[in-house]
Amino acid sequence: MTKRMLEEELVRASAFRDPEEISIKQICEGAGVSRVTFYKYFGSVKDLMDETAETALSRVIDADGYQSSENMEDILRYILLNRSLYLLLIEKGYYEKFMEKYLLRQIHNAGIADENREITKAQTQYAVSGLTGLMHWCLSSQPDIAPKKLAALILKFHQSWNSDVLEMRNL
């Protein structure tokens, strides 16, 4: 509960200034906890940001999440409900790094031959950039976008990427 309060205060405070400019004192005051309590869980604001990102992104990106329209809609509904947090994660580069890690894990699981890994990594970078850009656009300028519509776009994008990866496996 305390960690969640600190995470929420970091996201709230980030709406007004860059997370690197927020002090531990400001986070503690906003969350209503002492500095001792903060240091019980985190060593710095960066540690808080890193854990907040890891927790938030792990909630929405898993091996099965992008395989069906229903799962995708649930994921996007959650992201849209937590718009400020996910927009912050995109703007600070956490979302892109996490997605790249996820997609590279899928490449590894697909058994891509070593000679095709570099091109597949380049395709992954391209896919991640596109998905990140799409999510940023939706979160920052499409307040009423329907999760179902966005899910259909992303699922199509992801299935196309999966097809490309599988094609690379056969080269």
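Residue 156 in the working numbering is what sits at position 60 of the sequence shown, and the numbering runs on without skipping anything. Note that beta-carbon positions come from the ideal geometry of N, C-alpha and C, so glycine has one too.
ask   = Would you call Val-270 buried or exposed, if buried means 16 or more other Cβ atoms sit within 10 Å of its Cβ?
value = It is not possible to answer for residue 270, since the shown part of the chain is limited to 97 through 267.
request  = Output the boundary residues of the alpha helix (DSSP H) element that contains Ser-110.
outcome  = From DSSP, the alpha helix (DSSP H) with Ser-110 extends over 98 to 110.
query = Do Leu-144 and Leu-106 have their C-beta atoms closer together than 8 Å?
reply = Between Leu-144 and Leu-106, the C-beta gap is smaller than 8 Å, which places the two residues in contact.
ask   = Got a sec? Which residues, its chain only, sit under 7 Å from Leu-292 by beta carbon, not counting five neighbours each side?
value = This structure cannot speak to residue 292, because the chain is shown only from 97 to 267.
Assumed close pair Ile-203, Thr-228 - CB separation to whole angstroms, cut-off 8 Å = About 18 Å separates the two Cβ atoms, so there is no contact after all.
ask   = Thinking C-alpha only, which one of Ala-152, Ala-242 and Glu-125 is nearest Asn-178?
value = For Asn-178, the nearest C-alpha among the options comes from Ala-152.
ask   = What did DSSP end up calling Ala-247 once you bin it into helix, strand or coil?
value = Of the three classes helix, strand and coil, the one that applies to Ala-247 here is helix, per DSSP.
inquiry  = Within the continuous alpha helix (DSSP H) that includes Glu-202, where are the two ends?
reply    = Here residue 202 turns out to be Gln, not Glu, going by the sequence shown. For Gln-202, the enclosing alpha helix (DSSP H) stretches over residues 190 to 206.
The alpha helix (DSSP H) enclosing Phe-134, as first and last residue numbers = Element bounds for Phe-134: 131 to 137.
inquiry  = Excluding the 5 residues flanking Val-224 on each side, which residues of the same chain have their C-beta closer than 7 Å to its C-beta?
reply    = Around Val-224: Glu-192, Met-195, Glu-196 and Leu-199.
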